Amino acid sequence: MKNLLSISHLTKEELSSLLNLTKKLKYENSIGRKHHLLKGKTLGMIFSKSSTRTRVSFETGMYQLGGHSLFLSADDIQLGRGESISDTAKVLSRYLDGIIIRTFSQDDVVELADSGNIPVINALTDLLHPCQVLADLFTVKETFHKLEGLKVAYIGDGNNIANSLLYGCSKSGVNLSVATPAGYECNPEIVKQAEETAKENHCQINISNHPQSAVKDADVIYTDTWTSMGMEEEKEKRIRDFDGFQVNSQLMSHAKSHAIFLHCLPAYRGYEVTEDVIDGPQSKVFDQAENRLHMQKAILVKLLGGK
Ligand code: CP
Ligand code: NVA
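Add 24 to the 1-based position in the sequence shown for the working numbering, that's all there is to it.
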């Protein structure tokens with residue numbers, strides 16, 4: 025592993041090794057065992073969009089590993105005034121040991137990684153959110169003690185989370201049903217790739233506009249905001265277009281009785297999910313948020329610690 029730009033770049037062995045290391049780091053954290061695997065290392069964190077979980081969990085993770093992090097708001101560094109990505113990457117490579125970046129275009133993240141010579145981690149683009157979905161696979165595995173053969177149903181916008189779930193589930197042997205309103209489907213190229221990967225891993229990808237059939241017999245029901253960052257102007261239209269795509273107790277009743285509810289957060293109660301579901305007994309959203317910390321520590325150790 026040289027960078028983490030997309031789950032599609034990971035081998036199955038790398039994915040499974042990340043899940044195992046996450047489990048170990050989570051356990052060791054719970055018993056107060058300290059590691060300084062990244063002592064003396066500095067992580068730059070470029071953000072062009074808001075963040076609570078990603079920012080705080082990466083910063084805390086670096087601290088727990090004995091390293092240091094720098095929050096670099098894109099508005100405050102010269103990138104925001106037009107300095108090129110390529111020059112930024114070359115300069116930051118002279119100071120830092122790794123960079124995480126949250127921005128709009130996936131191409132910018134790829135360019136940052138290609139232009140510098142330190143590991144780059146995608147902390148969310150309009151297209152993908154790999155750190156989130158890696159942590160989510162860990163949460164699912166922690167709950168069911170396996171991944172292969174399970175069924176995840178994603179209901180809502182065919183966005184960065186849904187695209188990364190396509191990569192993550194197909195690579196892990198997890199069946200994935202995605203139901204979006206017409207016009208809000210996942211990236212077709214990613215769907216195609218995921219279908220091919222799913223074949224190799226003996227699982228199925230199902231794409232539809234029917235939430236009720238998507239959730240049938242699911243082990244995991246997943247949703248996300250209808251209005252991702254950068255799409256705020258479409259909010260009212262989206263609320264109308266996503267009518268019927270809310271995860272509520274009626275929809276949950278079509279899943280398996282042991283099904284869990286996941287949401288990457290931030291959540292908007294009363295829109296994509298009702299309060300009784302997200303705050304109810306099937307919801308794992310806060311364990312899911314916690315697991316970002318443990319998974320990202322594993323990613324940092326692999327990329328910056330040479331493990
Ligand atoms: N889920 C997630 O990435 O949250 P933040 O936007 O708060 O980082
Ligand atoms: N799809 C959401 C995820 C937030 C973590 C967004 O891009 O805003």
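In this text, a Cβ means the ideal position worked out from N, Cα and C, and glycines have one as well. Here the structure is a predicted model, which is why all the values come from computation and not from measurement.
Return helix, strand or coil for Lys175, following the three-state DSSP convention.
Reduced to three states, the DSSP call for Lys175 is strand.
Please tell me whether, using a cut-off of 7 Å, the distance from the CB of Leu158 to the nearest non-hydrogen atom of the ligand CP is below it.
No - the ligand CP has no heavy atom lying nearer than 7 Å to the Cβ of Leu158.
Could you check if Ser194 is buried or exposed, using at least 16 other CB atoms within 10 Å of its CB as the buried criterion?
That one is buried.
Relative to the alpha-carbon of Leu289, which residue among Thr46, Tyr246 and Met69 has its alpha-carbon at the smallest distance?
Nearest option by C-alpha distance: Tyr246.
Taking only heavy atoms of the ligand NVA into account, decide whether any of them is closer than 7 Å to the Cβ of Cys338.
Nothing about residue 338 can be reported from this structure: the residues present for the chain run from 25 to 331 only.
Looking at C-alpha atoms only, which residue of Lys175, Thr298 and Glu296 is the closest neighbour of Lys280?
Taking only the C-alpha atoms, the option nearest Lys280 is Lys175.
Compute the minimum distance between the beta carbon of Asp248 and the heavy atoms of the ligand NVA, and state whether it is under 7 Å.
Correct: Asp248 has its Cβ closer than 7 Å to the ligand NVA.
Would you mind listing the alpha helix (DSSP H) stretches within the segment 235 to 320 that are 4+ residues and don't spill past its ends, in chain order?
Qualifying alpha helix (DSSP H) stretches, in chain order: 235 to 239, 259 to 265, 273 to 276 and 299 to 302.
Specify the secondary structure class of Ile55 as computed by DSSP and reduced to three states.
The answer is coil: DSSP assigns Ile55 none of H, G, I, E or B.
With H, G and I counted as helix, E and B as strand and the rest as coil, what does DSSP make of Ala203?
Strand at Ala203.
Quick one: what does DSSP say Thr84 is sitting in, helix, strand or coil?
Of the three classes helix, strand and coil, the one that applies to Thr84 here is helix, per DSSP.
Tell me whether Thr127 counts as near the ligand CP, meaning its Cβ is closer than 7 Å to at least one heavy atom of that ligand.
No, the Cβ of Thr127 stays beyond 7 Å of every heavy atom of the ligand CP.
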